[in-house]
Amino acid sequence: MAQSSATHTPTIRRGLGARLRATLGPDWLLAWPMAAPVVLIVLALLAYPFVDAIFLSFQDRFIGKAEGTWIGFANYVDFFANPENLFLKASLITLLYTGGAIGGKFVVGLAMASVLNQEIPLRNVWRALMFLPWAVPAVVSAYVWRFLFDTTGPINGLIAEFRLANDYLYFFNDAKLALPALILVAIWSGTPFWTMNFLAGMQAISQELYEAAEIDGASTFQRFRFITVPSLQHVIMVTALLSTIWTSANLTQIFVLTGGGPSYATTTLPMLAYLTAIAGRQMGAGAAISMMMMPAYIILVYFLTRRMLRQE
Amino acid sequence: MATTAVRMRASASSSRRTLGRGWVIATYATLVFFVLWTVVPFIWMFLASIKTNKEIYQDFTILPKVVYWGHYETLLFGETAGGGMRASARFSAWLRNSTIVALAVTTLSIVLGSFGAYAVTRLRFAGRGIMARGLIFTYLVPGSLLFIPLFQVVATLDLVDTLSALLLVYPSFTLPFCTWMLMSYFRSIPVELEEAALIDGCTRLGVLFRITMPLSAPAIAVVALFSFTQSWNEFLYALVFTNSVTTRTVTVGLTQMLGEDVFYWGQMMGGAIIAALPPVIMYSLAQRLVIRGLVGGAVKG
Numbered sequence: 001m002a003q004s005s006a007t008h009t010p011t012i013r014r015g016l017g018a019r020l021r022a023t024l025g026p027d028w029l030l031a032w033p034m035a036a037p038v039v040l041i042v043l044a045l046l047a048y049p050f051v052d053a054i055f056l057s058f059q060d061r062f063i064g065k066a067e068g069t070w071i072g073f074a075n076y077v078d079f080f081a082n083p084e085n086l087f088l089k090a091s092l093i094t095l096l097y098t099g100g101a102i103g104g105k106f107v108v109g110l111a112m113a114s115v116l117n118q119e120i121p122l123r124n125v126w127r128a129l130m131f132l133p134w135a136v137p138a139v140v141s142a143y144v145w146r147f148l149f150d151t152t153g154p155i156n157g158l159i160a161e162f163r164l165a166n167d168y169l170y171f172f173n174d175a176k177l178a179l180p181a182l183i184l185v186a187i188w189s190g191t192p193f194w195t196m197n198f199l200a201g202m203q204a205i206s207q208e209l210y211e212a213a214e215i216d217g218a219s220t221f222q223r224f225r226f227i228t229v230p231s232l233q234h235v236i237m238v239t240a241l242l243s244t245i246w247t248s249a250n251l252t253q254i255f256v257l258t259g260g261g262p263s264y265a266t267t268t269l270p271m272l273a274y275l276t277a278i279a280g281r282q283m284g285a286g287a288a289i290s291m292m293m294m295p296a297y298i299i300l301v302y303f304l305t306r307r308m309l310r311q312e
Numbered sequence: 001m002a003t004t005a006v007r008m009r010a011s012a013s014s015s016r017r018t019l020g021r022g023w024v025i026a027t028y029a030t031l032v033f034f035v036l037w038t039v040v041p042f043i044w045m046f047l048a049s050i051k052t053n054k055e056i057y058q059d060f061t062i063l064p065k066v067v068y069w070g071h072y073e074t075l076l077f078g079e080t081a082g083g084g085m086r087a088s089a090r091f092s093a094w095l096r097n098s099t100i101v102a103l104a105v106t107t108l109s110i111v112l113g114s115f116g117a118y119a120v121t122r123l124r125f126a127g128r129g130i131m132a133r134g135l136i137f138t139y140l141v142p143g144s145l146l147f148i149p150l151f152q153v154v155a156t157l158d159l160v161d162t163l164s165a166l167l168l169v170y171p172s173f174t175l176p177f178c179t180w181m182l183m184s185y186f187r188s189i190p191v192e193l194e195e196a197a198l199i200d201g202c203t204r205l206g207v208l209f210r211i212t213m214p215l216s217a218p219a220i221a222v223v224a225l226f227s228f229t230q231s232w233n234e235f236l237y238a239l240v241f242t243n244s245v246t247t248r249t250v251t252v253g254l255t256q257m258l259g260e261d262v263f264y265w266g267q268m269m270g271g272a273i274i275a276a277l278p279p280v281i282m283y284s285l286a287q288r289l290v291i292r293g294l295v296g297g298a299v300k301g
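Sequence lines, in order, name chains L and A.
What the first sequence shows, in our numbering, is residues 1 to 312, in sequence order.
What the second sequence shows, in our numbering, is residues 1 to 301, in sequence order.
Quick look at the structure:
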C-alpha cells in the first residue's frame, strides 16, 4: 500500500489537503479532534502547572496576594540557610518512611502471594479478602489505625492488660513511635497491590520448571529461591518503582494520623510542601520544595516508563 | 483452556504432595496470620460502630453487650447540630458530593479516554508516538507534587471551594491511566473486524461506538471502576480546593468529624464504614476483572 501511494502521488497535483496529510499523517483530520481533549487536559492540568511551579518557586508568592515578586533562588537557599534545616530532615524522613514501607510491603506481599498461590481451601475468598485494605479510601485506613492505636483501642488495651508499659502509649504523639506506626499503616494498606502483582507473576511461571527442579532434588526453599524469585524479577522491579513513587508522594495517611508532627518527626517532603504552601500560605517556598523533589521522580518515572514500554 | 486447567490442577496436587509436612503447617499458620492481619482492623471498626459510647470509652468491651445502631442513626437521620447544620444533612451532603464528582469524572474519563485511545491505536497522525509516551509519563508523575500550582489554576478560574474545582482537576489523574489502559486493550482487538465495517460504509466514529467499545467492555469496566474509586477515595485535592462544610467530599468530611465531639469514635467508625462501602462493593463484584486489569495495566503495560 505504501508502495502504491508512492508511485501515484507524483502524477496527481497535490492540493493543500494532500500536503497536510503528507506532513501530519493520513488521518490527522479525524485523529486530532479525537485526541485533543486528552491532550489538552493533560497539558492544562499537568504540563502547565509543572512549568508554573518552576516560576512560582522563584517568587515570594503568598496565598491571597495577587502578585509575587521575583526573588531568584532565595526560596531554595533559605532551606539550607535555615538552622533547623527542615528540608534535609524531611528528605531523610521521606527516605526512612518510603524505604521502611517498601521493604515491608515486599516481604509481606511475597509471603502473602506464596501462601495464596498454594492449593488451599476457599482460595478465592482469601484473595478477595486480602485485597480489601487496598480498596478502602486512605482516609478510612488511617482512621482505622488511629482507633486501633488509641488509648481506648485494643493495642493499648493489651499493653495495659500485660503491664508492658507504665502508661498508655500515644503512638502518633511520640517522636520515636510515630514514624514506625505510620510505616506499619502504609504496609497494611499498600501490600495488597504487591500481593496481586506477585500472584499474577507466579501464575505465569511454567510448572515444568518446578517439576524439573524437583526431579533434580531441589528443596522447597531452593525452588522458591532459584525459580520463583528470579522469575519475578521484572514484576518486582516494576511494582517496587510504582510503589516507591506512590508511597513517597502520598500524604493522606500522614496528614490524618500525625499532621507531620510531633515536632516534624513525620514530616515527609510532600507534607513539608503542604505545610509550607497551604498551612503557611507561602506558595513560592512550597513550590520550591516540590521542585527539589522533581529530579528524583523524573529519574524513577524514566526507568519505570522504559521497563513498561519494553514489555509491549 | 480446559487442558491448562487440568494440567494446573495436576501440577498443583503434585506440588502439594511433595510439600513437606512442615511447609504445609507453615502455609496454614501464615494464612491464618494474614487473614487476621487484614480482617481484625475492619472487624474492630465495625464493632466500635455498633457499641455505645460507654462501652467504647469506659468499659472497653471487645464484643458489644448490646447492638447499638445509634451512631448510624445520628449520621443518617440525626438531629444533632454539627457545623451549623443537622448532622444527617451534612453527612448526606458529603456522600452526594462524592457521588456526583466520582460519577461525572468516570463518565468523562471513559468517553474522552476512548476517543484518545482509538486515535492512538487506529489512526495515523503526527504526534501519535509522543502522545502515547506522554500519557504514561503523566500517569506516573505523582499529582501531589502539583497541588500548589493547581491551586493557583483553580484560584485564577475562581473555582476555590466549589465541586467544579474537583470535576476539573480529577481527570488529571484518571484520564492518562484510562487512556493508557484502553489503548492496550484496543490493540488486542483484531483490526479486520473494523475494516470490514468500514468497507460496509460505517464511519470511524460508528466503528468506535458499535464495534471497538462494545468489544472492550471488560476494559471499560476496569477503567470505570478505577476512575470511580480513585475519585471517591481522593483526599489531597479535595482538602486543598474546598473548605466549607457543604462542598466537602466524604473523605475530607470524615476528618471534620474529629474534634467536634469528645466521644467521636462510634460515629467516626460508622461514617468510615459507609465511606468505604462503594469502593469495597465495586471491587468485590469485579475482583477478577480488576486484578487482570491491574496487572495488565501496571505490569505488562
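By construction, the Cβ of each residue, glycine as well, lies at the ideal position given by its N, Cα and C atoms.
Under 8 Å between beta-carbons, which chain L residues line up against Q267(A)? List them in chain order, please. Result: empty, since nearest Cβ-Cβ is about 11 Å, beyond 8 Å.
Spatial distance of G201(A) from V301(L) (CA atoms): 43 Å
Let me see if you follow: with CB-CB separation under 8 Å, is L16(L) close to chain A or not? no
Distance between D161(A) and R248(A) (C-alpha atoms, nearest Å): 8 Å
Check whether the Cβ of F149(L) lies closer than 8 Å to any Cβ atom in chain A. no
Assuming T138(A) and L46(L) make a contact with CB atoms under 8 Å, what is their CB distance in whole Å? 5 Å
Under 8 Å, Cβ to Cβ, is there at least one residue of chain L near L150(A)? yes
On the criterion of 16 or more Cβ atoms from any shown chain inside 10 Å, does I281(A) qualify as buried, or is it exposed? exposed
Answer yes or no: do G253(A) and W94(A) have a C-beta to C-beta separation smaller than 8 Å? yes
If you measure between the beta carbons of E55(A) and P64(A), is that distance less than 8 Å? yes
Could you tell me whether the Cβ of M1(A) comes closer than 8 Å to any Cβ of chain L? Reliability of the predicted coordinates at M1(A) is poor, the pLDDT of 40 falling under 50, and the value obtained from them is presented with this limitation in mind. Not closer than 8 Å to any Cβ of chain L, the Cβ of M1(A) fails to qualify, so no.
Between the beta-carbon of D78(L) and the beta-carbon of T69(L), is there less than 8 Å? no
How big is the Cα-Cα spacing for P171(A) and L198(A)? 32 Å
For F62(L): DSSP bridge partner residues: Q282(L)
Check the Cβ-Cβ distances between A296(L) and every residue of chain A, and say whether any is below 8 Å. no
Checking contacts by CB at 8 Å: is N250(L) closer than that to chain A? yes
For a cutoff of 8 Å on Cβ pairs, would you count N53(A) as touching chain L? no
List the DSSP bridge partners of W44(A). None; W44(A) has no bridge partner.
For a contact defined as C-beta to C-beta under 7 Å, what are the partners of F131(L) on chain A? Y283 and Q287
Using beta carbons (cut-off 8 Å, strictly below), is G322(L) in contact with chain A? It is not possible to answer for residue 322(L), since the shown part of chain L is limited to 1 through 312.
Could you check if L164(L) is buried or exposed, using at least 16 other CB atoms within 10 Å of its CB as the buried criterion? exposed
Using a Cβ cut-off of 7 Å, pull out every chain L residue sitting near V240(A), in sequence order please. I278
With a threshold of 8 Å between beta carbons, is Y57(A) in contact with chain L? yes
Give a yes or no on whether the minimum CB-CB distance between N233(A) and chain B is below 8 Å. Given the protein chain composition of this structure (L and A), no chain B is represented.
Is it the case that the Cβ atoms of P133(L) and T38(A) are separated by a distance below 8 Å? yes
Any beta carbon of chain A sitting closer than 8 Å to that of T98(L)? no
Could you check whether the Cβ of S144(A) sits closer than 8 Å to any Cβ belonging to chain L? yes
So, under 8 Å CB-CB, P279(A) and P137(L) are touching, yes? Tell me the CB distance rounded to an integer number of Å. 7 Å
Do we get a CB-CB distance below 8 Å when we pair Q118(L) with the residues of chain A? yes
For the region 103-119 of chain L against the region 192-204 of chain L, do three or more pairs of beta-carbon atoms, one drawn from each stretch, fall closer than 8 Å, so that the two count as touching? yes
Quick one: which chain L residues come within Cβ less than 9 Å of T30(A)? A111, M112, S114 and V115
Partner residues on chain L for R21(A), Cβ-Cβ distance less than 7 Å: Result: empty, since nearest Cβ-Cβ is about 11 Å, beyond 7 Å.
Ends of the alpha helix (DSSP H) at L86(L)? L86 to L116
Taking T27(A) as the query, report the chain L residues whose CB atoms sit under 9 Å from its CB, ordered along the chain. S114, V115, Q118 and I120
Which of the three DSSP states is assigned to W70(L) in this structure? strand
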